[in-house]
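Reading through the structure tokens given below for one structure.
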Amino acid sequence: MTDFVTHIRDRLSAERQLVFIQDNGEPTQLTFTELDRRARAVAVWLTELGMTDQPALLLYPAGLDFTVAFLGCLYARVPAIPAPLPDSGAPQMRRVAALLRDAGARLVLTDPAHASQLSGLSARVVVPSADPDRWTRPALGSGAIAYLQYTSGSTSEPRGVEVSHGNLLHNLELFRSLTEGKPPRRLGGWLPHYHDMGLVGLQLQALHTGADLVFMSPNAFVARPVRWLELISRYGVDWTVSPDFGYAWCTRRITDEQLAGLDLSTLTMALSGAEPIKAATLADFERRFAPVGFRPTTWNPGYGLAECTLMVTCTPRRQGVTVCRFDASALERHQAIADPDGVPLVACGPASGLDLRIVDPNDCAPVPDGRIGEIWVAGPSVALGYRGRPEETRATFHAGEGRWLRTGDLGFLLDGQLYVTGRIKDLIIVNGRNLYPQDLEEAASRANSSAGRSAAFGIRRPDGGEHVVLIQEVRRGDAATLGEMAEQVMDLVAKEFGIPLSLMLVARGVVRQTTSGKLCRRHMRQLFLSGSLTPLHAELVPAVHDLLETAS
1 MTDFVTHIRD
11 RLSAERQLVF
21 IQDNGEPTQL
31 TFTELDRRAR
41 AVAVWLTELG
51 MTDQPALLLY
61 PAGLDFTVAF
71 LGCLYARVPA
81 IPAPLPDSGA
91 PQMRRVAALL
101 RDAGARLVLT
111 DPAHASQLSG
121 LSARVVVPSA
131 DPDRWTRPAL
141 GSGAIAYLQY
151 TSGSTSEPRG
161 VEVSHGNLLH
171 NLELFRSLTE
181 GKPPRRLGGW
191 LPHYHDMGLV
201 GLQLQALHTG
211 ADLVFMSPNA
221 FVARPVRWLE
231 LISRYGVDWT
241 VSPDFGYAWC
251 TRRITDEQLA
261 GLDLSTLTMA
271 LSGAEPIKAA
281 TLADFERRFA
291 PVGFRPTTWN
301 PGYGLAECTL
311 MVTCTPRRQG
321 VTVCRFDASA
331 LERHQAIADP
341 DGVPLVACGP
351 ASGLDLRIVD
361 PNDCAPVPDG
371 RIGEIWVAGP
381 SVALGYRGRP
391 EETRATFHAG
401 EGRWLRTGDL
411 GFLLDGQLYV
421 TGRIKDLIIV
431 NGRNLYPQDL
441 EEAASRANSS
451 AGRSAAFGIR
461 RPDGGEHVVL
471 IQEVRRGDAA
481 TLGEMAEQVM
491 DLVAKEFGIP
501 LSLMLVARGV
511 VRQTTSGKLC
521 RRHMRQLFLS
531 GSLTPLHAEL
541 VPAVHDLLET
551 AS
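Numbering (full-length UniProt numbering), first residue to last: 1 to 552.
Quick look at the structure:
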């Protein structure tokens, strides 16, 4: 079997269903057989429009309409492009227009509620009134493009990753292999459908496995995070996925009264990925929700990226979390040396079904276990390349002997497991020391528990070296309060890292992140250097202050 369409149609069942919980708490649902019928009608409509092999941009709110349209595109051999539904702001509309140009898409699909908002893009509403019995399965093979997954843009401009049917099937089989022969009965979560983890890890995994899916909108989760755990409790969900942020948000925001009504005992797999996994987040969540049935063996930390469809490594079912501590100064020298009092790192599981190597990013030579280098991946899950970007495709997808994907991520292998330490482009080098921005950001959050997001990056000093800048979100306050906050952050960072620091305190919501929750450190650096940030308080070394004065 070489294509996703044939695979899922063999598993369609009237007993299985997709349930979307609306923001008002009311469920809407589709059985798999009804989903198939509606998707075939969409496919007939798309084929009659002459869209075969022509990409279509899907701009939908969270809900079942997206799933129908996406599956209809697969059935019609139309590469779908899942993307965030833009608001009325000009920047987001420009981003959508850029995606259309980059992908060469000439059709935009949306739901009736947003058609007028997207009229400037000539968006079409799919009305699946065509006869689904007129559908004929298109010629599909493992190399046919299933969809385009645009990267988050956390370190560069978004690029369209061409994911084939073969890539998709292989990656979903990797997920199946995690379950030790006990595939999930019901998946549930809140991740957006335009994020690879939400699309592949939730929606397509449910269809591939033949499991029920119960899901909700990201906005509903963020506004009231207990809704996610209520969904798990009410529907008996046994598989969920989320980035680190989601688990931390639940721990911070769910009250004792809300906790009393939960039951997480059915949950057997809780995947964490898509951003750095913090040992403290897992421990805090586990401690908070153990009284309502959450078990330590439920955790499944993993690592992946859109260029490998989704998953590269993940901890199998019932193995729980492996946390090891490493000497901080050794990590700065790209070496992983055990230290019981050192920096805690979470293992992201072994590679299974894919080849994995760690190489020196400068000369591309493999490095031994325990040595930090760039993570390279090879195997059937590695996508075809970036749409319309042959040079970038060759550089990223055909490294080494021509078969290796360069992830741009740093990590090391130890005892058969992968540990991820950061991004090459985010690495800050100060006086020959390699500093990881997430470590600086984590220290800043410990210095001020009420602070929001932070972004650390390096800027070039006049003498050619790098200087660290930290942008920290805080609540507004008077000058004395803000000055005290700044002093706490700078004192702790100086104590732990022994480096000078320029600090800018900004209002909540200023630090940018991608739609999947990844920090846009390079974008924050650009805003900082252009003088575009409005500080509530700033502690800048003289050279940096002069630099900003020149920019403004």
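Heads up, the beta-carbon is just placed ideally off N, CA and C, and yes, glycines get one too.
Looking at the unbroken beta strand (DSSP E) that takes in residue i, where does it start and where does it end?
i	result
Y150	145–150
C324	323–326
R433	433–435
R423	417–423
G373	373–378
L57	56–59
L107	107–110
Q17	17–21
P82	80–83
Taking C-beta to C-beta, are residue i and residue j nearer than 9 Å?
i	j	result
G458	I428	yes
residue 554	V510	Because the chain is modelled from 1 through 552, residue 554 falls outside the range shown and cannot be assessed.
A105	P138	no
C314	F175	yes
G189	L172	no
L74	V5	yes
A274	K518	yes
M197	G304	yes
V474	V430	no
L18	F32	yes
L35	L71	yes
L440	F497	yes
T268	W239	yes
P132	R37	yes
L118	P86	yes
Helix, strand or coil for residue i, going by three-state DSSP, please let me know.
i	result
T155	Bear in mind that a pLDDT of 46 at T155, under 50, signals an unreliable position, so the number given afterwards is only what the model happens to contain. Three-state result, T155: coil.
D355	strand
Y303	strand
L207	helix
G188	strand
C364	coil
M524	helix
P291	helix
residue 606	This structure cannot speak to residue 606, because the chain is shown only from 1 to 552.
E34	helix
Q319	coil
A538	strand
D3	coil
V163	strand
L310	coil
G201	helix
residue 553	Absent from the structure is residue 553, since the part of the chain shown begins at 1 and ends at 552.
M504	strand
V125	strand
G411	strand
T28	strand
D10	coil
P344	strand
If you compare alpha carbons, which of the options is closest to residue i?
i	options	result
residue 563	L100, L107, A206	Given that the chain is displayed from residue 1 to residue 552, the structure contains no residue 563 and the question cannot be resolved.
V42	D327, W135, E392	W135
I232	L264, S217, F221	L264
A455	P462, A444, R16, Y386	A444
G477	L470, E332, I471, A486	A486
E484	V468, V469, T514, S450	S450
D284	P291, F294, T251, S272	T251
H193	P184, P112, A80	A80
H208	P243, A123, H170	H170
R159	V241, R461, Y147	Y147
residue 556	Q319, R37, L100, L282	Look at the range of the chain in this structure, 1 to 552, and you will see that residue 556 is not part of it.
G408	L470, L384, A306	A306
R521	Q488, V469, A479	V469
T52	F66, W45, V78	V78
R387	L30, E332, Q149	Q149
L310	S164, G400, L435	S164
S381	A69, L168, F221, L529	L168
Identify the continuous alpha helix (DSSP H) that holds residue i and give its terminal residues.
i	result
S265	Here S265 belongs to no alpha helix (DSSP H), and DSSP marks it neither H nor E.
E392	390–397
T67	64–75
A223	218–223
Quiz prompt | Residue ranges of each beta strand (DSSP E) within the segment 233–257, 3 or longer | solution = 239–242
Exercise. Give, in chain order, every unbroken run of the alpha helix (DSSP H) that is at least 4 residues long and sits entirely within the segment 428–500.
Key: 437–447, 479–497
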